[in-house]
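Chemist: Take a look at this one; I'll ask things after.
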Amino acid sequence: MKSIQNNLTPPIYSSRLYYFMFAGFMGLLILLLSTLHVITPGALWLVISLGLISAGVIRFSWELYSTRPEGIKNNGVWFEAISSRKYAAWILAIVLTSFYCLLYWWPEYLGFSEKGNHGLIALFDPLSYLLKNQAASQWFVYGVLYTLAILLFGIKFIWKYRHNRYQLVRTVSVVFFQLAFAFLLPEFMLRMNLPYNDFKNMWPLNYYFFDGWHLQELMNHGRIGWFMLLFGVMMIILISPVLTYFYGKRWYCSWVCGCGGLAETAGDSFRHLSDKSLRAWKIERFLIYTVLLFAIIMTAGILYTYKTGQSSLLGLSTASMRSVYGFVIGSMFSGVIGVGFYPLMGTRVWCRFGCPMAAILGIQQRLFSRFRITTNGGQCISCGNCSTYCEMGIDVRAYAQRGQNIVRASCVGCGICAAVCPRGVLKLENGSVDLHERTNLIRNERIG
Amino acid sequence: MPHIAIIGNGIAGITAARFIRKLSASLPEHQISVISSESEFFFSRTALMYVYMGHMRWKDIQPYETGFWEKNRINLIYNTVQEIDFKEKRLKFNQDPPLSYDKLILATGSKSNTFDLPGRHLAGVTGLYSKQDLERIESLSPKIKKAVITGGGLIGIELAEMFHSRNIPVTMLVRETDYWSSVLPPEEAKMISGHIREHHIDLKLETQLKSITDDGQGSVAGIITDRNEEIACEFVGLTIGVRPNIDFLRSGPLECDKGILVNEYLETNIPDVYAIGDCAQIRTPNSGRKNIEAVWYTGRIMGETVAHTLCRRKTMYNPGIWYNSAKFFDIEYQVYGLVPAQIKSPLNSFYWEDPNGKKSVRLIYDDESRIIKGFNLMGIRFRHEVCERWIQLETKLDEVIANIRLAFFDPEFFKDIAPELIQQYNREQGKNIALRSTNSLNAVLQFFKQSKSNT
Ligand SMILES: Cc1cc2nc3c(=O)[nH]c(=O)nc-3n(C[C@H](O)[C@H](O)[C@H](O)COP(=O)(O)OP(=O)(O)OC[C@H]3O[C@@H](n4cnc5c(N)ncnc54)[C@H](O)[C@@H]3O)c2cc1C
Ligand code: SF4
Ligand code: SF4
Chain A
1 MKSIQNNLTP PIYSSRLYYF MFAGFMGLLI LLLSTLHVIT PGALWLVISL
51 GLISAGVIRF SWELYSTRPE GIKNNGVWFE AISSRKYAAW ILAIVLTSFY
101 CLLYWWPEYL GFSEKGNHGL IALFDPLSYL LKNQAASQWF VYGVLYTLAI
151 LLFGIKFIWK YRHNRYQLVR TVSVVFFQLA FAFLLPEFML RMNLPYNDFK
201 NMWPLNYYFF DGWHLQELMN HGRIGWFMLL FGVMMIILIS PVLTYFYGKR
251 WYCSWVCGCG GLAETAGDSF RHLSDKSLRA WKIERFLIYT VLLFAIIMTA
301 GILYTYKTGQ SSLLGLSTAS MRSVYGFVIG SMFSGVIGVG FYPLMGTRVW
351 CRFGCPMAAI LGIQQRLFSR FRITTNGGQC ISCGNCSTYC EMGIDVRAYA
401 QRGQNIVRAS CVGCGICAAV CPRGVLKLEN GSVDLHERTN LIRNERIG
Chain B
449 MPHIAIIGNG IAGITAARFI RKLSASLPEH QISVISSESE FFFSRTALMY
499 VYMGHMRWKD IQPYETGFWE KNRINLIYNT VQEIDFKEKR LKFNQDPPLS
549 YDKLILATGS KSNTFDLPGR HLAGVTGLYS KQDLERIESL SPKIKKAVIT
599 GGGLIGIELA EMFHSRNIPV TMLVRETDYW SSVLPPEEAK MISGHIREHH
649 IDLKLETQLK SITDDGQGSV AGIITDRNEE IACEFVGLTI GVRPNIDFLR
699 SGPLECDKGI LVNEYLETNI PDVYAIGDCA QIRTPNSGRK NIEAVWYTGR
749 IMGETVAHTL CRRKTMYNPG IWYNSAKFFD IEYQVYGLVP AQIKSPLNSF
799 YWEDPNGKKS VRLIYDDESR IIKGFNLMGI RFRHEVCERW IQLETKLDEV
849 IANIRLAFFD PEFFKDIAPE LIQQYNREQG KNIALRSTNS LNAVLQFFKQ
899 SKSNT
């Protein structure tokens with residue numbers, strides 16, 4: 001359909017939208033100027049910058065959605081340059097990837113210095129002192145921006161889906177866990193001279209959990225440290241399997257996790273860019289279990305070294321395995337590609353193809369969870385909205401049009417497929433009976 | 449190696465092809481050809497609007513990947529059948545050599561009605577049915593400052609929503625007293641009329657299109673209504689219903705009325721020729737059903753039925769209990785069973801509407817026996833299988849109301865409307881019924897099991 005693609009008239013919005021967008025960009029410009037040392041860092045600039053960004057995003061969302069009746073707001077998604085892989089998407093992808101590269105490998109260009117920050121990092125010093133009485137690091141700056149993104153775009157998301165209580169509750173949850181558990185609590189703990197700990201971030205997503213230095217640090221803190229260690233282990237072997245049994249992996253991936261949090265909120269405009277092809281599904285299964293295997297071997301290696309003092313396992317240096325994992329998986333895959341490629345490959349590239357945590361929860365979900373997406377008899381009209389807006393690239397329609405329930409390892413239970421379905425075909429449900437019978441059963445056949 | 453030719457790659461034709469491939473797995477290899485002049489690959493007609501609105505790209509509304517057809521050895525022919533030689537069993541094309549078949553399935557779908565409206569041939573006047581219609585609308589769009597849509601049906605409102613998404617002002621002419629009030633009961637029709645206006649659509653009720661005026665260059669300049677109101681516009685959408693697309697078949701030996709006449713086995717008057725989907729007209733439909741039902745679901749069921757007849761045993765077409773669904777801007781609509789626009793004795797109905805005016809539940813029942821007959825839902829999702837089972841089992845209304853939560857299919861955390869519903873029911877009907885079921889999946893599956901053993 002060439003002519004359709006050539007003749008695009010994007011929806012016209014009120015011109016006020018552009019003012020708010022402009023305000024947000026001004027806030028970002030201040031961050032850029034301070035990175036380039038054009039402005040001298042100071043608390044005032046920080047407040048102005050974050051204030052402009054916040055006001056811009058919030059007012060923008062308000063303007064965009066408050067003027068229209070409640071409902072699905074996907075008009076023009078495949079027309080707008082930012083959400084259809086056109087120039088704006090490429091610019092954003094380049095900016096994001098560059099930022100991640102600097103963050104991981106060249107933080108000094110952002111102004112990080114042991115001897116005293118300058119540039120962008122120094123801009124955040126006042127906030128860092130306020131929270132934990134230390135100078136900022138690149139990770140602090142990242143944490144603030146990351147949390148702010150989830151918060152602001154979480155508000156936008158809530159406004160957009162205000163007719164859907166599942167989306168409201170889920171988004172409040174994911175924002176809360178980022179703000180309280182991932183950001184504030186660890187910073188306060190540092191302030192109280194306790195080890196940095198994000199309680200909800202468990203191994204293997206948190207791949208340094210079993211690092212020698214980390215274990216040592218925890219144990220050095222006596223009871224509280226031991227508690228954190230025990231809690232971390234319990235999360236892996238007890239809490240998370242039980243929750244996954246009851247609710248599916250969604251309890252983590254789209255309700256709690258920080259990576260998921262960013263994808264669901266700031267990434268909402270890009271969810272449709274995920275690849276739905278069978279080929280992508282094959283790559284997904286190969287890659288994600290490879291990463292999981294790698295994570296397990298790497299962790300076994302460092303634990304072995306920690307326990308025995310031997311520096312190599314089966315002839316492989318455990319330290320170099322660990323650093324390769326950190327570089328390739330931890331930084332490049334989950335950060336640079338995972339977030340940097342949002343505007344090009346969709347928001348869940350990391351969650352779908354790389355996250356070892358998602359792999360484990362996915363196996364649990366596929367094998368023994370009560371969670372499934374049920375389909376509503378014969379109501380599906382094969383329109384494709386569900387598949388298009390599934391951030392995990394699941395071809396939901398393929399199941400829905402046959403009347404099959406959907407149990408897929410990768411489904412994060414975001415509920416967007418059910419929200420966008422114009423015929424009320426999909427429902428996320430938990431139930432203990434007939435799981436496999438109903439997933440195999442093709443209920444949309446009339447003649448037995 | 450029997451060759452089955454199917455004319456039409458819509459839901460009916462494609463379902464037939466898929467099922468023939470599936471059911472003939474253990475038989476001698478069947479050759480399957482599907483011919484279409486509209487598009488190379490099967491697409492979801494119901495999703496045309498979403499392409500225009502930018503929700504999806506063209507390829508997103510194609511339910512199968514392009515490799516699917518080769519893998520399943522379904523031969524796709526992108527061409528127009530000009531004529532059928534039923535005697536020689538051959539399909540004739542314009543240029544290409546004819547194609548012989550052993551069995552023929554006609555699934556040629558519908559086309560838009562235009563009636564005899566003066567000005568219907570002007571540029572800027574179109575219906576919305578085919579891919580080509582959508583392309584035409586797309587290419588006209590940059591010049592449209594105002595669109596007039598005539599006809600208060602399902603396609604008309606979709607067209608209105610499409611233009612609305614591009615900020616093109618729309619006037620909608622509807623003959624009835626409210627939107628689609630020929631099908632919807634009055635309260636629901638009123639609700640949707642209000643909702644249409646909420647979206648700034650200029651809805652003119654009890655108004656019809658009289659003629660379309662020429663701008664002197666063969667394009668639309670405006671329209672005149674039957675109230676002699678003139679409206680300047682660059683586009684006129686004719687959505688006054690569809691009719692079977694069978695003009696090229698009319699002169700031959702095939703028996704047709706409005707559609708191709710078929711018996712309960714979907715057989716036409718010519719041996720080895722079947723008709724399914726929108727183009728088929730059932731000679732003696734089941735009671736309460738129309739002889740032509742131009743909807744997605746019936747096309748799919750017919751496709752499956754004819755495949756069984758061809759590959760297994762002769763199978764009667766049984767559409768089961770009527771159901772349908774649609775979406776009017778932001779309000780979803782579902783219907784199960786019998787829901788007439790005017791509910792008269794021996795039927796009666798219980799109607800509940802949410803204070804926000806965007807949700808409603810209507811239960812239709814037989815006044816004397818109090819057996820449930822139908823469900824009409826606005827802005828609320830109900831479970832198809834539960835509603836169907838209740839109707840099949842001739843469940844009493846009281847029983848349905850007490851267990852109404854079993855039918856709820858809205859996402860988790862949605863407002864539980866059951867207490868309000870039952871309170872109103874008890875008040876209006878002087879009853880004292882208590883809610884019994886939850887809407888947990890386990891409870892629903894339990895209900896299925898129990899009701900199965902009851903039948
Ligand atoms: C905009 C729109 C929205 C709709 N929404 C809904 C909905 O929400 N729910 C619902 O239930 N129904 C809906 N419908 C109706 C539904 O789409 C149709 O009932 C269904 O698509 C009919 O399928 P079919 O296979 O019978 O025919 P079609 O889909 O019309 O397929 C017939 C095909 O045969 C081809 N053909 C015909 N003659 C020839 C020939 N001589 N040579 C070659 N090819 C030929 C045609 O070009 C066409 O491609 C909608 C229809 C439209 C137009
Ligand atoms: S299948 Fe649905 S709930 Fe699961 S990830 Fe995809 S869109 Fe979300
Ligand atoms: S489940 Fe809903 S969204 Fe998905 S194809 Fe079917 S009707 Fe469309």
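First to last, the sequence lines map onto chains A and B.
For the first sequence, the residue numbers in our numbering are 1 to 448.
For the second sequence, the residue numbers in our numbering are 449 to 903.
No residue lacks a Cβ here, since even glycine has one placed at the ideal position from N, Cα and C.
So, are the CB atoms of A/Gly-24 and A/Ser-49 less than 8 Å apart?
Modeler: no
Chemist: Determine, for A/Leu-273, whether the minimum Cβ-Cβ distance to residues of chain B falls below 8 Å.
Modeler: no
Chemist: Taking contact to mean 3 or more Cβ pairs, one atom from each stretch, closer than 8 Å, check whether the segment 256-275 of chain A and the segment 337-349 of chain A are in contact.
Modeler: yes
Chemist: B/Lys-775 touches chain A at which residues, Cβ-Cβ below 8 Å?
Modeler: Pro-422 and Arg-423
Chemist: Please classify A/Ile-4 as buried or exposed, where buried requires at least 16 neighbouring CB atoms within 10 angstroms.
Modeler: Its pLDDT being 33, under 50, A/Ile-4 is placed unreliably in this model, and the value from its coordinates should be taken loosely. Flag for A/Ile-4 reads buried.
Chemist: In this structure, does DSSP put A/Pro-241 in helix, strand or coil?
Modeler: helix
Chemist: Straight-line CA distance for A/Met-1 to A/Phe-79?
Modeler: Caution applies to A/Met-1, whose pLDDT of 35 falls short of 50 and renders its modelled position unreliable; the model cannot decide the point.
Chemist: Considering only the alpha carbon of each residue, which of B/Pro-511, B/Phe-534, B/Ser-560 and B/Arg-466 lies closest to B/Asn-523?
Modeler: The option with the nearest alpha carbon to B/Asn-523 is B/Arg-466.
Chemist: Is it true that the CB of A/Gly-71 sits closer than 8 Å to the CB of B/Asp-778?
Modeler: Cβ distance < 8 Å, so B/Asp-778 and A/Gly-71 count as in contact.
Chemist: In three-state terms, what does DSSP make of A/Pro-356?
Modeler: helix
Chemist: I need the DSSP call for B/Ser-484, collapsed to helix, strand or coil.
Modeler: strand
Chemist: Please determine whether the Cβ atom of A/Val-396 lies at a distance below 7 Å from any heavy atom of ligand 2.
Modeler: Correct: A/Val-396 has its Cβ closer than 7 Å to ligand 2.
Chemist: Return the CA-CA distance between A/Ala-419 and B/Gly-685, expressed in angstroms with no decimal places.
Modeler: 29 Å
Chemist: Are the segment 355-365 of chain A and the segment 237-245 of chain A touching, with three or more C-beta to C-beta distances below 8 Å?
Modeler: yes
Chemist: So is the beta-carbon of B/Met-497 under 7 Å away from any non-hydrogen atom of ligand 1?
Modeler: yes
Chemist: Can you list the residues of chain A that B/Leu-893 reaches, using a CB-CB cut of under 7 Å?
Modeler: Chain A residues near B/Leu-893: Gly-431, Val-433 and Asp-434.
Chemist: Beta-carbon within less than 8 Å of B/Glu-486's beta-carbon, same chain only, minus the 5 sequence neighbours each way: which residues are those?
Modeler: Asn-457, Ser-578, Lys-579 and Gln-580
Chemist: With a Cβ-Cβ cutoff of 8 Å, do B/Val-668 and B/Glu-682 count as a contact?
Modeler: If you check the CB distance, B/Val-668 and B/Glu-682 come in under 8 Å.
Chemist: Could you check where the beta strand (DSSP E) with B/Gly-600 kicks off and where it finishes?
Modeler: Note, B/Gly-600: premise wrong, no beta strand (DSSP E); not H, not E.
Chemist: Just the C-alpha distance for B/Ser-558 and B/Pro-511, rounded to the nearest angstrom, thanks.
Modeler: When rounded, the distance between both Cα atoms is 20 Å.
Chemist: Looking only at its chain, what residues have a beta carbon closer than 8 Å to the beta carbon of B/Phe-563, apart from the 5 residues adjacent to it on each side?
Modeler: Ile-688
Chemist: Using a Cβ-Cβ distance under 8 Å, would A/Cys-458 count as near chain B?
Modeler: Missing from the structure shown is residue 458 of chain A; chain A here goes from 1 to 448 and no further.
Chemist: Give the DSSP-derived three-state secondary structure of A/Thr-147 in the structure shown.
Modeler: helix
Chemist: Give the secondary structure of A/Ile-48 by DSSP, where H, G and I count as helix, E and B as strand, and everything else as coil.
Modeler: helix
Chemist: Return yes when the C-beta of B/Gly-458 is under 7 Å from any heavy atom of ligand 3, and no when it is not.
Modeler: no
Chemist: Considering Cα atoms alone, identify which of A/Trp-255, A/Gln-138, A/Val-336 and A/Leu-92 is closest to A/Glu-114.
Modeler: A/Gln-138
Chemist: Nearest to B/Ser-630 by alpha carbon, out of B/Phe-862, B/Pro-788 and B/Ser-885?
Modeler: B/Pro-788
Chemist: Can you check whether the C-beta of B/Pro-450 is within less than 8 Å of a C-beta belonging to chain A?
Modeler: Not closer than 8 Å to any Cβ of chain A, the Cβ of B/Pro-450 fails to qualify, so no.
Chemist: Just to confirm, is the Cβ distance from A/Leu-64 to A/Leu-131 under 8 Å?
Modeler: Not closer than 8 Å, so no.
Chemist: Against chain B, which members of the segment 407-418 of chain A pass a CB distance test of less than 7 Å?
Modeler: Gly-415 and Ala-418
Chemist: In this structure, does DSSP put B/Gln-479 in helix, strand or coil?
Modeler: strand
Chemist: On the three-state DSSP scale, how would you describe B/Asp-815?
Modeler: coil
Chemist: Mind checking the segment 486-515 of chain B against chain A and listing, in chain order, the residues whose C-beta falls within less than 7 Å of any C-beta there?
Modeler: Ser-492, Thr-494, Ala-495, Tyr-498, Val-499, Met-501, Gly-502, His-503, Met-504, Arg-505, Trp-506, Asp-508, Ile-509, Pro-511 and Glu-513
Chemist: Is DSSP giving A/Cys-351 helix, strand or coil here?
Modeler: Helix, per DSSP.
Chemist: If the cut is a Cβ gap below 9 Å, which residues of chain B does A/Tyr-65 touch?
Modeler: Result: empty, since nearest Cβ-Cβ is about 12 Å, beyond 9 Å.
Chemist: Within a Cβ cutoff of 7 Å, which residues of the same chain sit near A/Asn-117, ignoring the five residues on either side of it in sequence?
Modeler: Gly-111, Asp-125, Ala-135 and Ala-136
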